[in-house]
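**Q** After the structure tokens below, expect a handful of questions from me.
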Amino acid sequence: MTGPEKPLTGLDKQPFDKALTDELVRTIRAELREEFREQTKKQRRKATLYAASGATALYAGAAVALAAGLALALALPGWAAALIVAALLGVAALLLRNAARPGASPAVDAPPTPGVPPGGPAAPAVPPMPATAPTAAPASGDRLSTPKPESSSTP
Numbered sequence: 030m031t032g033p034e035k036p037l038t039g040l041d042k043q044p045f046d047k048a049l050t051d052e053l054v055r056t057i058r059a060e061l062r063e064e065f066r067e068q069t070k071k072q073r074r075k076a077t078l079y080a081a082s083g084a085t086a087l088y089a090g091a092a093v094a095l096a097a098g099l100a101l102a103l104a105l106p107g108w109a110a111a112l113i114v115a116a117l118l119g120v121a122a123l124l125l126r127n128a129a130r131p132g133a134s135p136a137v138d139a140p141p142t143p144g145v146p147p148g149g150p151a152a153p154a155v156p157p158m159p160a161t162a163p164t165a166a167p168a169s170g171d172r173l174s175t176p177k178p179e180s181s182s183t184p
């Protein structure tokens, strides 16, 4: 032994470890691929059902809007009934859009988050300092009177 000896590792000791490791990796990949395929199939079915539900709800909403318009048309002219229903649907769409915004205000009954100031995280923790220092109260004790300017003595 003329050179430094290299320590033997577990893979160097047994020649079949590499083949066993490769087979294990292939088996795990195949199992994961099959599991992902099953999950994707279930999620695809669920997404299809949600889309069908949404389309059905759209038609149901249109039928309700039509019924409301026809009911209003009994007392009002047809154009006025259609205008009222359109305005109500526009207001409903605006309210739903504002509720879906990420910066929407929280519910009124929501409890305050501990550690966050009432104005939110952007609100200052302490009130800002005034630009000028407050003046002392007049010595006479009359706080409501204004200080009289010094009169200049001119002859």
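Everything in the sequence shown is counted per my numbering, starting at 30 for the first residue and increasing by one. For each residue, glycine too, the CB sits at the ideal point set by N, CA and C.
Would you give the residue range spanned by the alpha helix (DSSP H) that A102 belongs to?
**A** Taken as a continuous stretch (DSSP letters only), the alpha helix (DSSP H) holding A102 covers D46 to A102.
**Q** For the alpha helix (DSSP H) that contains R130, what are its first and last residues?
**A** Note, R130: premise wrong, no alpha helix (DSSP H); not H, not E.
**Q** Mapping DSSP to helix, strand and coil, what is L105?
**A** Residue state, collapsed to three classes: coil.
**Q** Is G98 buried or exposed, if buried means 16 or more other CB atoms sit within 10 Å of its CB?
**A** G98 should be labelled buried.
**Q** Mind reading off the beta-carbon distance from A115 to L101? Whole number of angstroms is fine, and I expect it under 8 angstroms.
**A** That belief does not hold up - the Cβ atoms of A115 and L101 are roughly 11 angstroms apart, past 8 angstroms.
**Q** Distance check for T77 and W108, CA to CA, integer angstroms please.
**A** Taking the straight line from one Cα to the other gives about 38 angstroms.
**Q** To the nearest whole angstrom, what separates the beta carbons of L118 and A84, a pair I think is in contact under 8 angstroms?
**A** Not a contact, Cβ separation roughly 18 angstroms.
**Q** Using the C-alpha atoms, what's the distance from L105 back to R73?
**A** If I take the Cα positions, the gap works out to 47 angstroms.
**Q** Any idea what DSSP makes of A160, helix, strand or coil?
**A** A160 falls in the coil class under three-state DSSP.
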